[in-house]
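A short worksheet on the structure shown next.
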Ligand code: TYM
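Residue numbers (the numbering used here): 54 to 387.
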């Protein structure tokens with residue numbers, strides 16, 4: 054492992070609860086890759102978060118491995134960054150319990166993700182779904198993370214994490230680094246292709262509403278061709294043009310072109326041309342990731358090693374914080 058001392062710490066994670074979409078990629082993973090050299094990075098497959106909604110056990114195991122393979126395929130180097138599975142480091146559950154005792158019922162009640170998921174899973178509004186944000190705070194605070202790169206929908210959870218850390222520090226002195234969220238200027242909120250007023254989500258029942266990281270070129274192009282736009286014909290970024298704005302954001306993230314450059318490129322051309330170009334840019338951007346993914350997932354020994362080493366490295370670091378926290382709250386030393 055590379056020497057990451059003196060670098061600021063990044064922590065982030067994705068739930069292995071479904072196929073990953075280009076929303077997850079553009080909002081989170083793509084930025085992890087671009088920050089990886091500058092920071093000491095820790096990236097997690099948050100399987101404990103995933104069981105807040107019912108999962109098929111065999112599927113969850115398969116998806117957790119696939120998620121780590123995607124991290125690597127997307128460009129995270131396990132020699133430079135720590136990649137691990139959340140449930141392999143018991144300190145996450147331990148710190149989450151402690152933080153539960155420093156988080157108010159009212160604060161958790163205000164979390165929009167809890168409210169949304171309670172509606173969606175009305176038959177299973179379990180205590181874990183409610184305390185999900187304190188587990189997320191534990192993830193981040195255990196590693197004394199400075200920066201947390203996430204999409205827009207996680208902003209409220211990061212703010213709560215900051216509040217919990219500040220409160221705890223206020224009582225016990227400087228225990229936790231108070232983290233900052235890193236929300237990318239573009240790509241932080243990729244919208245559904247079928248309803249561009251709604252976030253693109255891997256749990257959407259309409260498969261045409263999202264593009265997954267594993268979709269093949271034909272499917273990607275078909276999904277973009279069907280994307281809901283508006284009755285104008287002009288490719289321009291403007292209020293009320295949610296569908297086109299979303300496609301422009303996606304195109305911009307995959308090509309590096311600005312909105313002005315995109316408007317110029319498609320000046321006088323219809324939506325058909327534009328949608329095809331977006332589909333091609335996305336397919337071309339994903340192709341090398343898919344190729345690397347196939348190789349990594351086939352190499353069981355390699356992936357097992359990454360998982361084992363990651364768990365060891367993460368546990369070691371997490372224990373440091375746990376010892377400090379346990380002492381502060383009044384637990385006797387082991
Ligand atoms: P999750 O698994 O829902 O999503 C993973 C990441 O993808 C981002 N994202 C999006 N970004 C842009 N557009 C979209 N349509 C879109 N959909 C999802 C999310 O913002 C997220 O960054 N609670 C987290 C996982 C987590 C975590 C953590 C993150 C657990 N512990 C600690 C950071 C630090 C979640 O549910 O992400």
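Every residue, glycine too, gets a C-beta built ideally from N, C-alpha and C. Model, not experiment: these values are computed from the prediction.
| Check | Outcome |
| --- | --- |
| Endpoints, alpha helix (DSSP H) assigned at residue 287 | Run containing residue 287: none; DSSP gives neither H nor E here. |
| Proximity of residue 237 and residue 80 at Cβ, strictly below 9 Å | yes |
| Residues near residue 16 in its chain [Cβ-Cβ closer than 8 Å; skip 5 each side] | Here the chain covers residues 54 to 387 and nothing more, so residue 16 does not appear. |
| Contact with chain B by residue 157, beta-carbon distance below 9 Å | The structure shown contains no chain B; it is built from a single protein chain. |
| For residue 70 and residue 108, the rounded distance between their alpha carbons | 7 Å |
| Straight-line Cα distance separating residue 222 from residue 374 | 13 Å |
| Endpoints, the alpha helix (DSSP H) within which residue 327 is located | 324 to 351 |
| Proximity test, residue 156 beta-carbon vs the ligand TYM heavy atom, cut-off 8 Å | no |
| Proximity below 9 Å, CB of residue 103 to CB of residue 346 | no |
| DSSP-derived helix/strand/coil call for residue 255 | coil |
| Nearest candidate by alpha-carbon position, reference residue 258, set 72, 62 and 122 | 72 |
| Under the three-state DSSP convention, the category residue 382 falls into | helix |
| Cβ-Cβ distance between residue 343 and residue 266 below 9 Å | yes |
| Rounded Cβ spacing between residue 139 and residue 101 (contact assumed at less than 8 Å) | 5 Å |
| Alpha-carbon spacing of residue 88 relative to residue 332, whole angstroms | 26 Å |
| Validate contact between the stretch 173 to 183 and the stretch 146 to 155 using beta carbons, cut 8 Å, 3 pairs | no |
| Stretch-stretch touch, CB-based, cutoff 8 Å, three pairs: the stretch 240 to 252 with the stretch 313 to 325 | no |
| Endpoints, alpha helix (DSSP H) assigned at residue 186 | 180 to 195 |
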